[in-house]
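Student:
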Amino acid sequence: MEKICPICNKIEEKNICCPKCEGIMVDKGRVQEYMGPYGAEMPIKDSEDYCLHLYCCTKCAFMKRVYINKIVI
Ligand SMILES: [Zn+2]
Ligand SMILES: [Zn+2]
-7 MEKICPICNK IEEKNICCPK CEGIMVDKGR VQEYMGPYGA EMPIKDSEDY
43 CLHLYCCTKC AFMKRVYINK IVI
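No gaps in the numbering here: position 29 of the sequence shown is 21 in the numbering used here, and each next residue is one more.
1) Can you tell me where the beta strand (DSSP E) with residue 21 in it begins and where it stops?
2) With a threshold of 16 other CB atoms inside 10 Å of the CB of residue 3, please say whether the residue is buried or exposed.
3) In chain order, what are the residues with a CB under 6 angstroms from some non-hydrogen atom of ligand 2?
4) When burial is assigned at 16 or more other CB atoms within 10 Å of the CB, is residue 52 buried or exposed?
5) Less than 7 angstroms separating the Cβ of residue -1 from some heavy atom of ligand 1?
Spelled out as structure tokens, the structure:
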């Protein structure tokens, strides 16, 4: 058995409601991909059960980190 992230693997799409304007927030990829050489101030622990994604509001550009539950395949 293997645990995978359904968002990274394009199995599922998760749209989240923006807490600020109630617009639609879309997946921008894994948070790790936004952590270049300058993003070291906040280390992200990769969990076996969760994948951390960055969501961005299509209306107000508010960004939010969302933990995605990995699924067992
Ligand atoms: Zn993922
Ligand atoms: Zn918004």
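Note that CB positions come from ideal geometry on N, CA and C, so glycine has one too.
Tutor: In this structure, then:
1) Indexing the sequence shown from 1 puts residue 21 at position 29. If you look at residue 21, you'll find it in the beta strand (DSSP E) that goes 16 to 22.
2) Numbered from its first residue, the sequence shown carries residue 3 at position 11. Per the 10 Å Cβ criterion, exposed.
3) Contact residues of ligand 2 (beta-carbon closer than 6 angstroms to any heavy atom; chain order) are 10, 12, 13, 15, 49, 51, 52, 54.
4) On the sequence shown, residue 52 is found 60 positions in, with the first residue counted as 1. Classification of residue 52: exposed, given that the 10 Å Cβ count is below 16.
5) Your numbering for residue -1 matches position 7 in the sequence shown. Within the cutoff, so yes.
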